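For the record, in the sequence shown the residue sitting at position 369 is 368 according to numbering that gives the first Met the number 0, with numbers rising by one throughout. Ideal placement from N, C-alpha and C gives every residue a C-beta, glycine not left out. This structure is a prediction, so every number in the text was calculated from the model and none was measured. Heads up: the structure comes next, in structure tokens.
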Amino acid sequence: MKFGIVVTTIYDGNFIHDYYKHFVMHGGLENVNFYVVGDLSTPEVCREQIEKYTQQGLPWYYLSPEAQKQFLEPFPKLASEIPWKTDNRRNVGFLMAYRDRCDVIIAIDDDNYPRHQWPFLEGHAAVGKKATLPTAVGHDGWFNLCSMMDIACKSLDVQGTVYARGFPYARRNPNCSQINSNVSTEVVAINAGLWSGDPDVDAATRLVTRCEASANFQENYLLDSNVLMPINTQNTALIRDAIPAYYYVKMGHPIGGMKLDRFGDIFSGFFVQKCAQAVGHAVRVGSPVVDHRRSPHNLYKDLWHELAGMVIIDDMLPLLETPLSPATTYGAAAYELADRLEAWTVEQQGFLWDDGLRTYFCNMAQNMKLWVDTCKELD
């Protein structure tokens with residue numbers, strides 16, 4: 000099994016050493032391609048850090064801006080839709096891993112670190128195989144993966160339940176943690192690993208709770224076939240076949256003095272789940288756990304950028320909760336979803352919705368189709 004790990008960074012790349020040591024200790028180093036996607040402000044030392052391993056003969060690549068431009072030359076329309084100075088550059092890494100026929104493609108952030116007691120590749124090796132596990136049924140079609148972790152809300156001095164970034168506020172309910180002990184057997188297309196340390200919750204939750212996570216869960220779960228949850232790009236693995244439905248959505252659209260941001264992975268995570276359901280594949284949640292040593296953030300700025308996404312996700316519930324038609328490929332499912340997204344967009348009215356936002360989502364739908372077409376060319 001060939002793993003392709005994709006990460007984007009504007010920092011020094013020190014995280015790479017932890018992964019190298021982890022793979023040497025746990026095995027599998029020879030099965031890993033690493034794609035570190037740089038940006039215009041990524042320091043030169045990052046390239047130097049990665050190339051130390053490239054020079055050892057490992058397929059570990061630092062993708063400089065020049066290398067990215069060269070790779071995207073045959074796809075000028077897509078290249079124009081992947082802006083610089085954003086984490087949207089990770090799309091280039093996904094496409095390279097897809098081109099190189101990695102069986103499992105793993106998204107991480109540069110502040111995610113492997114943990115000794117949770118072998119990273121072993122956990123994500125569930126992708127592409129059948130798994131027999133208890134089923135997460137949640138409540139009203141939604142499962143709260145944060146319920147699998149021990150969460151300490153430091154500012155409230157309590158242990159409590161929080162919800163992952165992107166979990167619709169209209170669906171938050173204590174019963175979203177429900178598990179059916181009866182096992183099911185499904186092919187795993189997406190593996191959502193958990194995090195210790197700083198859980199991936201929205202800025203509003205961080206400001207109120209200052210929460211910390213300990214992933215002390217006892218069992219991995221499969222999501223029920225009609226259940227959704229937010230899936231980010233931290234410690235998430237996908238079967239190669241699913242990549243045509245995993246376009247990382249472009250952010251940055253201005254709305255009412257704010258900017259729609261920090262939801263690119265949330266939209267793409269929901270969309271690929273919908274397509275997996277259409278194909279008849281499952282989402283596994285649990286191991287491996289990574290340590291999230293969160294990079295410095297201004298939480299008020301994060302909240303400012305997340306507010307529009309919070310509103311839109313709640314608006315989007317009718318679209319997200321309506322099943323797609325059964326599909327034989329992820330590309331076909333993604334095309335249908337793009338058509339539905341565009342039809343849904345033109346009907347939206349009210350708070351936040353204006354011609355500019357409707358145009359933005361119509362462009363998103365077109366980019367989803369462009370992404371499918373690009374994957375077909377790479378095949």
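Taking residue i as the reference, which of the options has the closest Cα?
i	options	result
P118	Y19, Y329, L237	Y19
L57	F74, E29, M228	E29
Y220	A169, A130, T373	A130
F93	K84, V36, R114, F74	V36
I4	M228, L259, R89	R89
I81	D290, A281, G256, L39	L39
C145	L193, D17, V182, R114	L193
N181	T204, D199, D223	D223
C374	P295, V23, L71	L71
G308	R239, Q67, P253	P253
A275	P325, T41, M367, I311	P325
K128	T184, N179, K258	T184
P64	H296, K51, R46	R46
M147	P198, F74, G122	P198
L306	V6, M315, L377, M257	M257
V200	I230, L77, F216, V23	I230
F216	Q48, N174, I178	I178
F14	R292, N32, Q158, F269	R292
D149	Q116, N172, R170, S176	S176
P295	W352, A202, S79, N362	A202
Which partner residues of residue i appear in the DSSP bridge assignment?
i	result
P200	Per the sequence shown, residue 200 should be read as Val rather than Pro. Partner(s): A163.
D149	S213
A106	V5, T235
G390	This structure does not reach residue 390, given that the chain is present from 0 up to 378, and the question cannot be answered.
A125	Partner(s): none; A125 has no beta bridge.
D290	Y112, S195
K258	P253
W59	F33
Q158	A151
V186	K129
W370	In the DSSP output, where bridge partners are listed per residue, W370 has none listed.
A135	I178, L222
W141	H138, L227
W117	R114
Label residue i either buried or exposed according to how many other C-beta atoms from any shown protein chain fall within 10 Å of its C-beta, with 16 as the threshold for buried.
i	result
V44	exposed
Q272	buried
G279	exposed
D313	exposed
Y168	exposed
T204	buried
S267	buried
F2	buried
F350	exposed
N225	exposed
W83	exposed
V23	exposed
N143	buried
N174	exposed
T41	buried
N297	exposed
H21	buried
G380	Past the edges of the chain, shown from 0 to 378, lies residue 380, and the structure says nothing about it.
Round the Cβ separation of residue i and residue j to the nearest angstrom and send it over; I've been treating them as touching at under 8 Å.
i	j	result
D108	T232	6 Å
E320	G140	6 Å
D240	Y334	That pair is no contact at about 15 Å.
R114	S213	No, R114 and S213 are not in contact; Cβ-Cβ is about 11 Å, not under 8 Å.
A342	A277	No, A342 and A277 are not in contact; Cβ-Cβ is about 17 Å, not under 8 Å.
T459	A106	Because the chain in this structure spans residues 0 to 378, residue 459 falls outside the shown range and cannot be described.
V289	Y112	6 Å
E50	Y61	6 Å
Y97	L356	Actually they do not touch by this definition, with Cβ atoms about 30 Å apart.
A281	V186	6 Å
H25	L132	At roughly 22 Å, the Cβ-Cβ gap does not stay under 8 Å, so H25 and L132 are not in contact.
V126	L227	That belief does not hold up - the Cβ atoms of V126 and L227 are roughly 19 Å apart, past 8 Å.
V91	Q67	5 Å
L392	L77	Outside the shown range of the chain, which is 0 to 378, sits residue 392, and nothing can be said about it.
Tell me whether residue i, by its Cβ, gets closer than 7 Å to a heavy atom of the ligand SAM.
i	result
H304	Among the ligands in the structure shown, none appear at all, so the ligand SAM cannot be discussed.
On the three-pair Cβ rule with 8 Å, is the region 159-169 touching the region 90-107? Not touching, per the Cβ criterion.
Evaluate the contact criterion for the region 246-254 versus the region 129-144: three or more CB pairs, one atom per stretch, below 8 Å. In the pairwise beta carbon analysis, the region 246-254 is classified as not touching the region 129-144: fewer than three pairs are separated by under 8 Å.
Kindly confirm or deny that the region 149-158 and the region 247-263 touch, where touching means at least three C-beta pairs closer than 8 Å. Contact between the region 149-158 and the region 247-263 is absent: fewer than 3 CB-CB pairs across the two stretches fall below 8 Å.
I want to know whether the region 294-312 touches the region 328-343 - three or more CB-CB distances under 8 Å. Judged by Cβ distances under 8 Å, the region 294-312 makes no contact with the region 328-343, as fewer than three pairs qualify.
Three or more C-beta pairs below 8 Å linking the region 257-267 and the region 203-211: With the cut-off at 8 Å, the region 257-267 and the region 203-211 do not touch.
Three or more beta-carbon pairs under 8 Å between the region 280-293 and the region 176-191, yes or no? Yes: at least three Cβ pairs fall under 8 Å.
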